[in-house]
Structure formats: structure tokens, C-alpha cells
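**Student:** Residues in the sequence shown are numbered from 1 upward in steps of one, following our numbering.
Even for Gly, the Cβ is constructed at its ideal location relative to N, Cα and C.
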Amino acid sequence: MRICVAGVGRAFRLRRAVIGMAASLPLLGIAVAVPLAQAQTAPAAGASLGIEEVVVTATRRSELLSDVPISVTSFGDEELQQRGVKQFDDLVRLTPGLNLSRQSFTGASQIAIRGISSNAGSGTTGLYIDDTPIQVRNLGFASGNAFPGLFDIERVEVLRGPQGTLFGAGSEGGTVRFIQTQPSLTETSATARGEVSTTENGDESYEAGVAYGQPLSDRVGVRGSAYYRRDGGFIDGVGGTYQIVDPTGASYGDSVDFTKTRTYEEDVNWAETQAFRLAFKFQATEDLSITPSVFYQKVHNNDGAGAGSVYDLATSDENDRDYSRQYYKTGAPGTVYTFPNTSETVTLNAMSAPDNQRGEDEFTLTALALDWDLGWAQLVSNTSYFDRDQYQWSDYTKGYVQYYAPEYFLEADGVTSTGTYAPEGWRSMSQYNNEQQNFVQEIRLQSSDDDARLRWVAGLFYSDLEQNASQPINQNFLIGASWVGFYPTGFDYGYYGVNDGDPFGPGSTGLQNFFGDDALPNGVLFYGEWSTQEKQKAGFVQIDFDLTDTITLTAGIRASENELDFDAAYLGPENNANAPFGFPCFDPADCSFGSGAMAPSYPTSASGSNETAYTPKWGISWEPDDDNMVYATAAKGFRPAGASLRVPSVCDADLITNGYVDANGDPVQPETYDSDSVWSYELGAKSRLMGGRLVLDGSVYRIEWKDIQANVSLPNCEYNFVDNLADATSEGFDLSFQFLVTDNFVLSGAYGYNDPRFDKDAVSPGGVKIYSEDAAIPDAGPPQTLSLTGEYTLSLPGGYDGYARADYTYSAQMRRVGDQVASDPFYDPRLKPTGSFALVNLRLGARFSNYDISLFVLNLTDETADLDLAAGSYYDPQDWSNQALRPRSFGLMGAWRM
1 MRICVAGVGR
11 AFRLRRAVIG
21 MAASLPLLGI
31 AVAVPLAQAQ
41 TAPAAGASLG
51 IEEVVVTATR
61 RSELLSDVPI
71 SVTSFGDEEL
81 QQRGVKQFDD
91 LVRLTPGLNL
101 SRQSFTGASQ
111 IAIRGISSNA
121 GSGTTGLYID
131 DTPIQVRNLG
141 FASGNAFPGL
151 FDIERVEVLR
161 GPQGTLFGAG
171 SEGGTVRFIQ
181 TQPSLTETSA
191 TARGEVSTTE
201 NGDESYEAGV
211 AYGQPLSDRV
221 GVRGSAYYRR
231 DGGFIDGVGG
241 TYQIVDPTGA
251 SYGDSVDFTK
261 TRTYEEDVNW
271 AETQAFRLAF
281 KFQATEDLSI
291 TPSVFYQKVH
301 NNDGAGAGSV
311 YDLATSDEND
321 RDYSRQYYKT
331 GAPGTVYTFP
341 NTSETVTLNA
351 MSAPDNQRGE
361 DEFTLTALAL
371 DWDLGWAQLV
381 SNTSYFDRDQ
391 YQWSDYTKGY
401 VQYYAPEYFL
411 EADGVTSTGT
421 YAPEGWRSMS
431 QYNNEQQNFV
441 QEIRLQSSDD
451 DARLRWVAGL
461 FYSDLEQNAS
471 QPINQNFLIG
481 ASWVGFYPTG
491 FDYGYYGVND
501 GDPFGPGSTG
511 LQNFFGDDAL
521 PNGVLFYGEW
531 STQEKQKAGF
541 VQIDFDLTDT
551 ITLTAGIRAS
561 ENELDFDAAY
571 LGPENNANAP
581 FGFPCFDPAD
591 CSFGSGAMAP
601 SYPTSASGSN
611 ETAYTPKWGI
621 SWEPDDDNMV
631 YATAAKGFRP
641 AGASLRVPSV
651 CDADLITNGY
661 VDANGDPVQP
671 ETYDSDSVWS
681 YELGAKSRLM
691 GGRLVLDGSV
701 YRIEWKDIQA
711 NVSLPNCEYN
721 FVDNLADATS
731 EGFDLSFQFL
741 VTDNFVLSGA
751 YGYNDPRFDK
761 DAVSPGGVKI
771 YSEDAAIPDA
781 GPPQTLSLTG
791 EYTLSLPGGY
801 DGYARADYTY
811 SAQMRRVGDQ
821 VASDPFYDPR
831 LKPTGSFALV
841 NLRLGARFSN
851 YDISLFVLNL
861 TDETADLDLA
871 AGSYYDPQDW
881 SNQALRPRSF
891 GLMGAWRM
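#1: Helix, strand or coil: how does DSSP classify Pro-133 here?
#2: Have a look at Thr-554 and Leu-65 and give me their C-alpha separation to the nearest angstrom.
#3: Going by beta carbon distance, what residues of the same chain come within less than 6 Å of Ser-428, once the five residues before and after it are set aside?
#4: With a threshold of 16 other CB atoms inside 10 Å of the CB of Glu-773, please say whether the residue is buried or exposed.
#5: Would you give the residue range spanned by the beta strand (DSSP E) that Asn-724 belongs to?
#6: Please confirm whether Gly-209 and Gly-691 have their CB atoms less than 8 Å apart.
#7: Quick one: measure Cβ to Cβ for Ala-613 and Ser-680, integer angstroms, because I've assumed they're closer than 8 Å.
#8: What's the C-alpha gap between Arg-646 and Asp-759?
#9: I'd like to check one pair, Pro-600 with Asp-654: are the Cβ atoms closer than 8 Å?
#10: Would you report the Cα separation of Asn-119 and Asp-727, rounded to the nearest angstrom?
#11: Just to confirm, are Ala-367 and Thr-383 a CB contact at a threshold of 8 Å?
#12: State the DSSP-derived secondary structure class of Thr-165, mapped to helix, strand or coil.
#13: For Lys-398, which three-state DSSP category applies?
#14: Can you give me the Cβ contacts of Ser-24 inside the same chain, cut-off strictly under 6 Å, excluding the 5 residues immediately before and after it?
#15: Classify Val-650 as helix, strand or coil using the three-state DSSP reduction.
#16: Could you check what DSSP says for Ile-656 in three-state terms: helix, strand or coil?
#17: Around the Cβ of Asp-723, are there at least 16 other Cβ atoms within 10 angstroms (buried) or fewer (exposed)?
#18: Quick check: Glu-442 and Phe-461, are their CB atoms within less than 8 Å of each other?
#19: Assuming Leu-547 is part of the alpha helix (DSSP H), what are its boundary residues?
#20: For Asn-850, count neighbouring C-beta atoms within 10 Å of its own C-beta (all shown protein chains included) and say buried if the count is 16 or more, exposed if not.
#21: If we call anything under 8 Å between Cβ atoms a contact, is Pro-640 one with Ser-675?
#22: Can you tell me the Cα-Cα spacing of Gly-698 and Thr-73, whole angstroms?
#23: Give me the residue from Tyr-487, Asp-89 and Val-196 with the minimum Cα distance to Val-415.
#24: On the CB-based measure, 16 or more other CB atoms within 10 Å of its CB, does Pro-584 come out buried or exposed?
#25: Just to confirm, are Pro-887 and Arg-321 a CB contact at a threshold of 8 Å?
#26: According to the neighbour-count rule (16 or more other Cβ atoms, all chains shown, within 10 Å of its Cβ), is Phe-477 buried or exposed?
#27: Among the candidates Phe-147, Ser-343, Asp-451 and Ser-881, whose CA atom is the shortest distance from the CA of Tyr-128?
#28: On the DSSP letters alone, give me the boundaries of the beta strand (DSSP E) that Glu-204 sits inside.
#29: State the Cα-Cα distance for the pair Glu-660 and Leu-98, rounded to the nearest angstrom.
#30: Please state whether DSSP places Ala-895 in a helix, a strand or coil.
#31: Does Asn-664 come out as helix, strand or coil in the three-state DSSP assignment?
#32: Are Ser-447 and Thr-552 touching if we call contact CB-CB under 8 Å?
#33: Grab me the residues of Asp-590's own chain with a C-beta within less than 7 Å of its C-beta, minus the 5 sequence neighbours each way, in chain order.
#34: So is Val-336 buried or exposed if we call it buried at 16+ other beta carbons inside 10 Å?
#35: Can you tell me the Cα-Cα spacing of Ser-736 and Glu-534, whole angstroms?
#36: Do Gln-878 and Asp-413 have their C-beta atoms within less than 8 Å of each other?
Here's what the structure looks like:
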């Protein structure tokens, strides 16, 4: 049977199963559920009214979603609008198996699908805009992905499970694709949207977007769009003093008694997005079309990146959703602080840094797409260049004060804490800088007859990805400090430097005697610079063969050659590999500051890797009638090798403890780490029942992950590097339904269960446990998620169609590193699992002509949760922070489509 899909201009065969989903569910042992997906659609076969079919390109060819034998969730532009989805974070809550984690202080992000998550090495999830991969490698200490704003998006596809055959390295857990609306040669179309909302105890948010496309002639089409959004803040920046009342930190926010003296800025965590796109389509010949495009986006955050919702427990009233965080302001150079208890002094040095933790993320994607119908096959080419610049400031004051200046906050006994630290005027700031330049060329040749018994796609892929990162950390209180070090004098552990002390004697400073060198300009103690150039060459092929009228076999493989070059340079006294740490000079005859045996030594490194990887895929699907499918797949995913960051010499003791030593027992860390891989096994079923009024979709899976690129965290110096240490298994299932209950009422839902765990203890070469057997994989996401949506429509007088819509999403309590087993290296009995939470959104509106006007409320119940409860650092365990959900918000949205 053939059905023409509107707007695609191609024919698709509806190949479905003889047994229904009801018969397949006993095989899966589950019941099924997924949000109502809308994208490019076609009428349901054999039904005048039913759930609309969805067209996706998950297999690199346009197919009905119900014909694709993999687990896919697809959201079209209108569905995103109706659900109030404005950014990728919103999409995560609607998609089974998808998780996004952001570091609280840097905004670095990690995407996980089906529990395959890693904050080390290359990304585990493919991230695409159209056919261009844009995911980042973990480089430096704060690499994060860029996400396009969700306006004028034809659809978003989330492909669960390894996609190594068609989408290449990095798609171990799955792939997320943002498909942009393309120019048309036959139709004029336009859309405009405006919105305004207000958040309780916060600021207003608003957006405006317009997109327009039309044929300029029978051979030329154009489409352009412009978009602006401002997300209002709801966290205040405050100043004040605090007294530690519970040194253990077990009282959480009550561990510190904070006295607010001023509000520096209200609603500091606002952000704004600007985006512009222009695309042309040229029909060069009857069979050849060429589509050049350019897409520009800039995101500015005023105070905190994607994790800008971090607040301090001590300064906030969580019950009233009155959130705030402490601001530190830079004091005047030359200001002197005296500490009579320890007879130490600090004189502030000059330092330049912004007042807040602002950042920007800016990218331009230029692409040239070619589509050539050869008759017997279709040739598709994508040539693209992705250029991105991103920076993020982060306040290091609390950490640096506790790390290098604990002596100043002790009683006269030199041991007991005064319960105070970080006086007003002391400041430390870090700036994370990241750049990406990705050149990608892909050519695919694929069969053009979708009714043929043998259907195939083959291609060649080349990418040249350059990534650069740098990080300076500056401060204004250590250059003029009379004492600098790790452990207070009263502890008698050494590791501190004092004015006129060892090793350099009279005239030397505490900073010089501890680090062995002076600070860089602007008070910089640490500077790191890292760069990678990663070249990938690949060839791939996938075939689908109809063994019978109901059984289809799938086989594919990708062969890729991955070449990586890595360079790093480290400057600043904190990186001095020859730091004396205040100990006496071992050779008094050669103990001059900055020369001879005590000359500073700053490391550089250059390394690389070259490897060939093969990622096969096997599958079988059974479609005994037009409305049902059962499928099984086995697929491999791959993540390329890389080079690790060097940790500074202050971490030498940690390296020795963990067994990272050379033949002489001296500390050494691995310069590189190997690739890792997954094998995934999936069984799924899809059904259309009740004449197309009920759509069911479900799958169960098991993923085996070997030689995981994992962070080795060093608890005393608080740095980390990457090594291959662990194996893990992720098991789970995802379920979906879409049900047209009546002609006026649609109900849909999605449920996901995911249980990723380490197979055994991951231990360092010295036998130190890094991760425990059966522990959850960090940042893998909640074990259970649920989303439910109901929309009721009715006809109103005057030709209006009214509607009421409710969206419910639930995320279960999530285990995390540190709250599981007492023998874990990161175990902290005070930590709680990431809290469960449920969000309810309501929308009331009317549609008439081409307009859609609605009132909405987001987070109706004003829900909150412990999303990222954390102590400030090992050295200030009383300073608790958390991450907030946006409080209840009310708004008005107006949209127009043509």
C-alpha cells in the first residue's frame, strides 16, 4: 500500500504488522506510553479521523515514525509551542530516557540518553542541527554544549540507543537532532509569536519571533527568521556577613547564620537569546536543488549560565520561594586587613573582574545542502562550518579563601575556627573560555524507490573539529598576604609559606615561599590553555531487505578513522611543578628565588591518538499487518580516545595515594585515555489501534558499556583527570501512548524507566576505589520519568475553537555520587538523592483564522525540589547551595501562522 505524504513529494509504503501492540506487549512485559508528537504529517491509513502520522528522518531518509524500527520521540513546532517548550531543558522533561545535567558553577552541560552519561572525555550523545554535529569534547574544566532556540524548528528528534552506524562517533546513548524549517518552491508560509509572562518573586519574561518563506520564482525559494527571548530572573544577588554555627554542615542552610547587609541586584539570573536565520533554495535543474543557509545565535546570561538557578541556602527562604545568593565585590587595592588572633595581615592587590558571573555563548552555522535525484538513487550532500565562541565567569572566592587562606580565620590556638571567612572585599574569579570550529562534509547515496525490496543508504563522512579552551583564575588577597598555604600553622602539617620565611628568606612573600613564583598580571594564580584538533574519516552503509512481505532485515556498519592531536600549556604559580610549599631549601647554596634549583617549571604537553573503529548494527522487524510492528536490534556505539588534562603539583600527594606513580615512585598521571564502546540490545513494538485513534509504542533495552572514560577526582586538591576504569550496564524500558478519546479530547503520555549501574568496583592503579559496584552512573538521569498531556477542544460562537490543555511531568528521586555506599570515596552522609518533583502546566486558549491566543500558568503548584544540593567544597562544608525550579509563572501567548 502506498500513501503520499503532503509536503514531501515522495511516496511511502505503510508496512505494518499482523499482530497488534496488545499481542506484542506480553513479549515486552510492559505497557506503553510517549508524548503526542507532531511534525510533518500524513492522514492515518484507513481512517477518516485518527492520530496523525509523523514523518521523521531518523534513518537518514524520510519515513513514517511508525515504520522506523528504533525508539524515537519527535516534537513538531506546534507541539513545542503548545507545551510551552522554550529551551532544551524543557524538552528533557517530556522525553523518556533523556537527561541534561549542568554544573552549578560553570554551566557546563552533559546530555545522557538511556543512562549513558559521562562528564569526562568525548560526548556520549550526538547533537545535530540538521546534518551538522555540534557536540563538544570535555576540554578544560567547563566545556558545555550549545543548544539552538526552539523557534521555527520543523521538529526535534530524539533517537534512543546507539546510532554509531549512521551518526558516527559519540552517539553511544543516542542522538538529538534539531531539524530546521526549509525554504519552499511552491508555498508561502509565515509564523509569528509573541509572549509575556511574570514569575512569582521574580522578573518578567517575554519573547518575539517571526519567520517568513516564499517562492521568489519557480526555481528559487527563501526563508528567514528572527527571534528574541528574555527569561526573567528570580534569584537576588545579596551581600552580607555570615557566622558558622554548625561546623559539620549537617544543619544544611542553618549551618550558617547569614546577616544580609544589602541587595546588590534583584533577579540577577536573567538571560536573553537572539537568533537569526536565512536560507535559500535553488532548483538548479529539474533534479538538482541547492540550499545554502546561515544560522546565528547569541545567548547572554547575566549571572550564571544554564545553571543560573543556583541559590545559597543560608541566604534564601525556600518556603516562600525567595531565592538569593551571596555576591562578593572586589575591594579597593591597598586595603589592609589584620587578624590579631594569628598576627597575620592581608593587603589587597589590584584585580579586574565583572561584578557578576556573566557569560555569553555565540555561534554561526553556515551550511550548503545539495539534493540530486539521479533516478535510480538520490545523492545528498551537506557541507557546513560551525563557529562558536563561549565564555563564562564564575566566582571562586569561597573556595580560594578556604583553600589557600584558612590561617586567617582561626582562634588564638591556631586550630579552632572563628566561624567566619571571606571578608568583604576579598575576591577570586575564574573565566572559562571555549571555542569550536567544526568543518563537516558528508555525502550520502541512497535508494530512491521506497517500495523496493532492497533499500539502502551509503555515505562518506569527513570532519575537522578544532576546539580551544582556556581558564585564568585571579584573586586579590594572596599577593599581599603574610601567610599562604593549605594547612593552618597549628596543624603542623607544613604546606604553607610566610613572609620572610622558608625557603627564600628575608624579603620574600608568603606567596613566593609557597608557590615559588609571583602571580601573573591581574592577580592570576592559575592559567591553563588546551586545544584539540580532531579529524574523522568514515564510510558507512545500511541496508533494509524485505525477507518476506512481513519480515524486514536490517544490517549496517560504519568504519571510521579518528585522529586526535592535543596540546596544553600551563602558567601561573599554582602550576609551578617546582613549588617549594614553604619547606626549607634542600640546597642552601642554590636557593635564589626564580633561578637555579628553585627556578619555576611550567609544564606543557602534546599528545595524540589515531585509531580505527567499526560500529555495526543488526535488526529485524515483523509487520504482519498495516497497523503493527515488532522489532529487535543490536547496535554498537563508540567514543574516541583523548588526552587528559594535567593536574598541578599541589595534587602530587593525591596521585601517589591513588597509585599513579612511575618506576621511581614519583607522581605521574596518564597523558591519554582510550576509546570506550557500548553494545545495545533492544526489543520494541509499535501499533495503531481503533482505526488509528490509539497509537502505542514501547521498547525494552540492555546496554553494556566497556572501558568507560571516567573522571578520577582527587579529593584533597579538588582536581580531576580522565582514565579508563569502569564497566557499566544500563537496563530499562520506555513506553508511549497517544489516544484520541473523542473527536474533541486527546490524551497522550510517556513513561521511562532507566537503571544504569557500574558492574564492579572501579579502582585506581593503587587500589583506591573510584566508583563502587552497583553505584549509579553520575548524571545518568532519574530512574523514572512520566509525562501526561490532555487537550480538550470545543467550538465557540463566532467561529472560534476553544481549547484547554494540561501537561503533567514527573521526575523520580535520582541517586547520585556521594549518597550511596559508606565505602565510596565521595560518600557524604549529609547528601540527599536529587529530589523527585512534579510539574503541572495549564493553558486556556482559542484558535480562529490563523491565530492562536492563550493564557497559561507554568508550575501551577509552585513545586520545588533538591535538584543539586551541594556543599561549597571540601574546605567549606557548611556553605550549602541548591538549584531551583522556576517558581509559578503566569503568561499570555499569541501566535499567527499562514
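**Tutor:** Let me spell this out:
#1: For the purposes of this step, residue 133 is identified with residue 133 of the sequence shown, where counting begins at 1. Residue state, collapsed to three classes: strand.
#2: The residue labelled residue 554 in the question sits at position 554 within the sequence shown. The residue labelled residue 65 in the question sits at position 65 within the sequence shown. Near 16 Å, if we compare the C-alpha coordinates of Leu-65 and Thr-554.
#3: As a working mapping, residue 428 is identified with position 428 in the sequence shown. Contacts found: Tyr-396, Thr-397, Tyr-400 and Gln-475.
#4: By 1-based counting over the sequence shown, the position of residue 773 is 773. With fewer than 16 other Cβ atoms within 10 Å, it is exposed.
#5: Translated into positions along the sequence shown, residue 724 becomes position 724. Per DSSP, the unbroken beta strand (DSSP E) holding Asn-724 starts and ends at 719 to 742.
#6: Residue numbering aside, residue 209 sits at position 209 when the sequence shown is read from its first letter. Residue numbering aside, residue 691 sits at position 691 when the sequence shown is read from its first letter. Not a contact, by the Cβ cut-off of 8 Å.
#7: For the purposes of this step, residue 613 is taken as the residue at position 613 of the sequence shown. For the purposes of this step, residue 680 is taken as the residue at position 680 of the sequence shown. In fact, because the Cβ distance is near 16 Å, the residues do not count as touching under 8 Å.
#8: For the purposes of this step, residue 646 is identified with residue 646 of the sequence shown, where counting begins at 1. For the purposes of this step, residue 759 is identified with residue 759 of the sequence shown, where counting begins at 1. Spanning the two alpha carbons is a distance of roughly 28 Å.
#9: In the sequence shown, counting from the first residue as 1, residue 654 sits at position 654. In the sequence shown, counting from the first residue as 1, residue 600 sits at position 600. Cβ atoms of Asp-654 and Pro-600: not closer than 8 Å.
#10: Position 119 of the sequence shown, counting from 1, holds the residue named residue 119. Position 727 of the sequence shown, counting from 1, holds the residue named residue 727. If I take the Cα positions, the gap works out to 15 Å.
#11: Position 367 of the sequence shown, counted from the first residue, corresponds to residue 367. Position 383 of the sequence shown, counted from the first residue, corresponds to residue 383. With respect to the 8 Å criterion, Ala-367 and Thr-383 are classified as neighbours on the basis of their beta carbons.
#12: In the sequence shown, counting from the first residue as 1, residue 165 sits at position 165. The three-state secondary structure of Thr-165, taken from DSSP, is helix.
#13: Here residue 398 is taken as the residue at index 398 of the sequence shown, counted from 1. Helix.
#14: As a first step, residue 24 must be located in the sequence shown, where it is residue number 24. Because Ser-24 sits at a pLDDT of 38, beneath the cut-off of 50, its placement in the model cannot be relied upon, and the point is left open.
#15: Walking along the sequence shown from the start, residue 650 turns up at place 650. Helix at Val-650.
#16: In the sequence shown, counting from the first residue as 1, residue 656 sits at position 656. Secondary structure of Ile-656 (DSSP, three-state): helix.
#17: Translated into the one-based positions of the sequence shown, residue 723 becomes position 723. Counting Cβ neighbours within 10 Å, Asp-723 comes out buried, since at least 16 surround it.
#18: As a first step, residue 442 is located in the sequence shown; it is residue number 442 there, counting from the start. As a first step, residue 461 is located in the sequence shown; it is residue number 461 there, counting from the start. Less than 8 Å divides the Cβ of Glu-442 from the Cβ of Phe-461.
#19: By 1-based counting over the sequence shown, the position of residue 547 is 547. For Leu-547, there is no enclosing alpha helix (DSSP H), as DSSP marks it with neither H nor E.
#20: Translated into the one-based positions of the sequence shown, residue 850 becomes position 850. Exposed, since its Cβ has fewer than 16 Cβ neighbours within 10 Å.
#21: Here residue 640 refers to the residue found at position 640 of the sequence shown. Here residue 675 refers to the residue found at position 675 of the sequence shown. Judged by beta-carbon spacing, Ser-675 lies within the 8 Å limit of Pro-640, meaning their Cβ atoms are closer than that value.
#22: By one-based count along the sequence shown, residue 698 stands at place 698. By one-based count along the sequence shown, residue 73 stands at place 73. Distance from the CA of Gly-698 to the CA of Thr-73, rounded to the nearest whole angstrom, comes to 11 Å.
#23: Locating residue 415 in the sequence shown gives position 415, counting from the first residue. The option with the nearest alpha carbon to Val-415 is Tyr-487.
#24: On the sequence shown, residue 584 is found 584 positions in, with the first residue counted as 1. With fewer than 16 other Cβ atoms within 10 Å, it is exposed.
#25: In the sequence shown, residue 887 corresponds to position 887, counting from 1. In the sequence shown, residue 321 corresponds to position 321, counting from 1. Yes. Within cutoff.
#26: Here residue 477 is taken as the residue at index 477 of the sequence shown, counted from 1. Buried, because 16 or more other Cβ atoms sit within 10 Å of the Cβ of Phe-477.
#27: Residue 128 sits at position 128 when you count from the first residue of the sequence shown. Ranked by Cα distance from Tyr-128, the first of Phe-147, Ser-343, Asp-451 and Ser-881 is Phe-147.
#28: Your numbering for residue 204 matches position 204 in the sequence shown. Note, Glu-204: beta strand (DSSP E), 204 to 215.
#29: The residue you call residue 660 lines up with position 660 of the sequence shown. The residue you call residue 98 lines up with position 98 of the sequence shown. Note that residue 660 is Tyr in the sequence shown, not Glu. Their Cα atoms are separated by approximately 35 Å.
#30: As a first step, residue 895 is located in the sequence shown; it is residue number 895 there, counting from the start. Annotated three-state conformation of Ala-895 is strand, per DSSP.
#31: The residue labelled residue 664 in the question sits at position 664 within the sequence shown. Here Asn-664 sits in coil by DSSP.
#32: Along the sequence shown, one-based indexing puts residue 447 at 447. Along the sequence shown, one-based indexing puts residue 552 at 552. When the beta-carbon positions are compared, Ser-447 and Thr-552 stay at least 8 Å from each other.
#33: Translated into the one-based positions of the sequence shown, residue 590 becomes position 590. Only residues of its own chain outside the window of five on either side were considered, and among them Gly-596 and Ala-597 have a CB closer than 7 Å to the CB of Asp-590, listed in chain order.
#34: Start at 1 with the first residue of the sequence shown, and residue 336 comes out as number 336. The residue in question, Val-336, is exposed, as its Cβ has fewer than 16 Cβ neighbours within 10 Å.
#35: Here residue 736 refers to the residue found at position 736 of the sequence shown. Here residue 534 refers to the residue found at position 534 of the sequence shown. Computed Cα separation, rounded: 39 Å.
#36: Translated into the one-based positions of the sequence shown, residue 878 becomes position 878. Translated into the one-based positions of the sequence shown, residue 413 becomes position 413. Inclusion of Gln-878 and Asp-413 in the CB contact set at 8 Å is not warranted, their separation being larger than that value.
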